[in-house]
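Using the working numbering, the first residue of the sequence shown is number 1, and each one after it goes up by one. For glycine and all other residues, C-beta sits at the position ideal for the given N, C-alpha and C. All values reported here derive from a predicted model rather than from experimental measurement.
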Amino acid sequence: MIFKRGDTTPPPATTLYQLRQRIASLGDDFWIDNGLGQHVYRVDGKVLRLRLTLVLRDTSGNELLHLQRKLLRLRETMVMQHGGQTVASLHKHLIGLRDRFTIDLADGGELQTRGNFLDHEYTVSRDGPVVAEVSKRWLNIRDTYGISIVEGQDIPLLLAMPCASTSCVMRGADVRALLKILIVGVSLWVTTLIVDGVDVQTDSTSEEILTFAAVGLIFGVVNVVLKPIIHVLGCAFYVLTLGLFALVVNGGLLLLTSWLSGLLHLPFHVDGFWSAVWGSLIISVVSWVLGLFLRV
């Protein structure tokens, strides 16, 4: 580690750079500042490109690195180029509880990351030794984090790395949210096949798919909004019933989803409390299995 855990003293101005916490979410451009707050690099986001594209430039507008996401890859990949030549490729690991990335260098060797990307607290090492550290604790500026780079390292490359990885994490979060909605939709479909009293009545397959997706979104929102409140207010019931009260809660939330679907003229219906309880149980099991398989 370059700095001890818990150390809030910023590194020297010549080695510290400031980056925005949310980058290129709408394809906007932004500056990277040094520790003195002076503009030293600019990042251009290309929102209208099919593939996520970032361009790192110096203060004169000269292109230093061109970063572009590769499509149709099993794992998230962004290629970094200079003058049309690939200098590095960033790959997101498929396995692990936290986001992790490896950067393969064209001239040999690799950069590896370790830490928490969502909180912007991680280190970057090259073939073992740490060459950069990213942290929010050095700065008191909102939505900004710092990156300290060891002297003699490739500064543009190490600045491009957090830009690329943050974009992948943001995109990955959007994809996971979409997958969760799809998982709930599939779980609802399975439930209609198993549980009498939970059904969807449509005239076409496409309408049925859209209905399950919409109901899945409603069910997800209902759970996110109400479940934490119910957990707090009904914690005693959870304890007294050894957790069985959760079946009642989940059934009630499914009934509420059915009622809201009716208000929105969606052909989804749950007939009675017990159908809701069994239906919510099937939804939970199927969602859990699909979540394990898709690592959501």
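For S261, the enclosing alpha helix (DSSP H) stretches over residues 245-263. Bridge partners of W31 according to DSSP: R42.
Contact between the region 272-292 and the region 186-195 is present, with at least three C-beta pairs closer than 8 Å.
Bounds of any beta strand (DSSP E) do not take in N62, whose DSSP letter is neither H nor E. Annotation for Y122: T113, R114, G115, N116, V134 place their beta carbon closer than 7 Å to its own, counting only its chain and skipping 5 residues before and after. Using a 10 angstroms sphere on the CB of D33, the tally of other CB atoms reaches 16 or more, which defines it as buried. In the DSSP annotation of this structure, the continuous segment of the beta strand (DSSP E) that includes H269 starts and ends at 268-270. Boundaries for S204: no alpha helix (DSSP H) harbours it, and the DSSP string shows neither H nor E there. The alpha carbon of D44 has as its nearest neighbour, out of G272, G61, Q81, the alpha carbon of G61. DSSP places G115 outside any alpha helix (DSSP H); the residue lies instead in the beta strand (DSSP E), whose first and last residues are 110-116. A check of alpha carbon separations from V40 across P156, I183, G243 identifies P156 as the nearest.
In the DSSP assignment, A132 forms a beta bridge with V124, I149. A direct Cα-to-Cα measurement between H269 and L292 gives close to 28 Å. For V289, there is no enclosing beta strand (DSSP E); the enclosing alpha helix (DSSP H) covers residues 273-294. Assignment of T15 by DSSP, reduced to helix, strand and coil, places it in the coil class.
Judged by DSSP secondary structure, L105 falls within the beta strand (DSSP E) whose first and last residues are 101-105.
Leaving aside the five residues that flank G109 on each side, the residues in its chain whose CB is nearer than 7 Å to its CB run, in chain order, R126, D127.
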